[in-house]
Structure formats: structure tokens, C-alpha cells
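Okay, so here's the structure we're looking at.
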């Protein structure tokens with residue numbers, strides 16, 4: 481599925497992961513003039529039954545997927561390389577680079593900070609992250625990107641449920657090529673004034 485403008489899909493819970501909590505997760509992707517992708521995750525439902533990490537000073541952290549966390553996978557169509565961003569409601573984050581399916585590791589670059597903002601309201605959690613593509617060398621202007629959007633949600637009993645645009649057969653696997661279910665074409669040029 482190729483997108484232009486803003487795309488707002490709903491994430492689907494993996495059929496074999498348990499969740500007694502009824503809620504919806506919508507993801508929004510938008511290209512910005514600053515050669516960045518804006519990712520917004522809207523979780524709506526009984527927020528009181530979910531473990532939401534407490535707010536912290538934004539920083540890189542590992543193993544965020546062990547608790548409630550939103551994720552964005554970004555690669556180029558037809559190429560095996562991709563990036564993974566973990567975006568926690570705590571405002572902690574992590575970035576990983578892969579040469580192929582699960583072949584890679586953490587990216588040690590604080591400049592990748594996705595500037596996470598979080599809003600909590602009655603029956604709603606919004607997380608917004610801005611990922612600068614200038615810091616991702618495998619992506620080029622005019623490229624067709626393949627995106628995987630996903631979430632891990634921890635309930636108050638400590639059980640995890642896994643959500644994605646599309647799930648491959650078998651256990652939850654956000655790295656599987658089938659999970660990269662969204663395509664977007666990057667503009668060939670951006671406004672020079674905005675890049676200074």
C-alpha cells in the first residue's frame with residue numbers, strides 16, 4: 481500500500497497474544513518539509529488497565545520492547561537494509577540498523593533523538609515522534625520506503641500484546657518482511673531554506 485500525504489491505519493493485535501483490555505491503536509505517518517517522518521500513535525480505550533512507563537528525560541535506552549512501546553521500521557523498497565526505532569511513552573528511545581533480517585544492532589547516535597512527545601487524556605494516550613531521515617544514510621531523496629508500524633502493550637498484570645499493520649504467520653515478528661506493509665515515496669528535493 482503506497483501513501484501520499486497523511487496515512488492513518490489501525491494496528492491489529494496478533495491473534496495469539498492475550499489482551500483483556502479493549503482498545504484501538506491508530507498510527508499516523510506524515511512527511512515533513514524538514515526531511516523527516518512524523519509518526520503519531522493514538523491509543524484509545526481503558527488506559528487505566530495498561531502499564532504506561534513514567535515520563536523521563538529523553539534519552540537512549542535498551543530493551544524498551546519489554547514494556548509498553550511503539551515501534552517504527554524504515555527501509556527502502558527492494559533492499560534488505562532497514563532501521564528500527566523504539567519509542568517509549570517514557571520518552572526514552574532506541575535506534576537500530578540492520579543489514580538484513582535481524583542482522584545488525586544499536587545505532588550510537590544521539591542526533592537521532594526522535595523528539596518524542598506524549599499526551600495522556602481520558603481514555604487516550606498519544607505519542608508523537610519525529611525521525612530525521614538526514615541521519616539515516618541508506619535512505620535517499622526520491623526513494624520508495626517500506627514501513628512497519630507496531631506496538632507492544634503491557635497490561636497491569638504484566639502480559640504483553642503485540643500490534644502491527646500486518647502480522648506474518650506464526651509468532652509475532654515485527655522484523656519479518658511481511659510486517660513492512662506500508663510504502664511511501666520520499667520527495668526528491670526539500671526546501672533549501674528549511675535544511676539550514
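Numbering (this note's numbering), first residue to last: 481 to 676.
Built from N, CA and C at the ideal position, the CB exists for glycine as well.
Predicted model only: the values in this text are computed from it and were never measured.
Go through its chain and collect everything with a Cβ distance to residue i's Cβ below 8 Å, but skip five positions before and after it.
i           : result
residue 659 : 553, 628, 630, 644, 645, 646, 647, 648 and 653
residue 672 : Note that residue 672 scores 40 on pLDDT, short of 50, meaning its location in the model is unreliable; the coordinates nonetheless yield the value given after this. If we look at residue 672 and ignore the five residues flanking it on each side, it has no Cβ neighbours.
residue 589 : 575 and 615
Does the distance from the CB of residue i to the CB of residue j come in under 7 Å?
i           : j           : result
residue 540 : residue 574 : yes
residue 543 : residue 655 : no
residue 496 : residue 549 : no
residue 567 : residue 609 : yes
residue 625 : residue 596 : no
residue 547 : residue 538 : no
residue 571 : residue 536 : yes
residue 563 : residue 491 : no
Whose CA, out of the options, lies closest to the CA of residue i?
i           : options               : result
residue 636 : 624, 543, 498 and 488 : 498
residue 591 : 492, 612 and 641      : 612
residue 493 : 651, 564, 571 and 668 : 651
residue 614 : 666, 571, 558 and 547 : 666
residue 641 : 488, 534, 489 and 505 : 505
residue 449 : 668, 662 and 604      : The structure shown does not extend to residue 449, since the chain is modelled only from 481 through 676, so no value can be given for it.
residue 621 : 601, 589, 487 and 511 : 511
residue 558 : 668, 601 and 623      : 623
Could you name the residues of the same chain whose beta carbon sits closer than 7 Å to that of residue i, not counting the 5 residues immediately before and after it, in chain order?
i           : result
residue 585 : 576
residue 503 : 523, 524, 525 and 526
residue 516 : 610, 611, 612 and 613
Please return the same chain residues whose Cβ sits closer than 6 Å to the Cβ of residue i, not counting the five positions on each side in sequence.
i           : result
residue 618 : 561
residue 606 : 522 and 599
residue 639 : 498
residue 634 : 531, 547, 548 and 640
By the three-class DSSP mapping on this structure, what secondary structure does residue i have?
i           : result
residue 552 : strand
residue 624 : strand
residue 634 : strand
residue 592 : helix
residue 613 : helix
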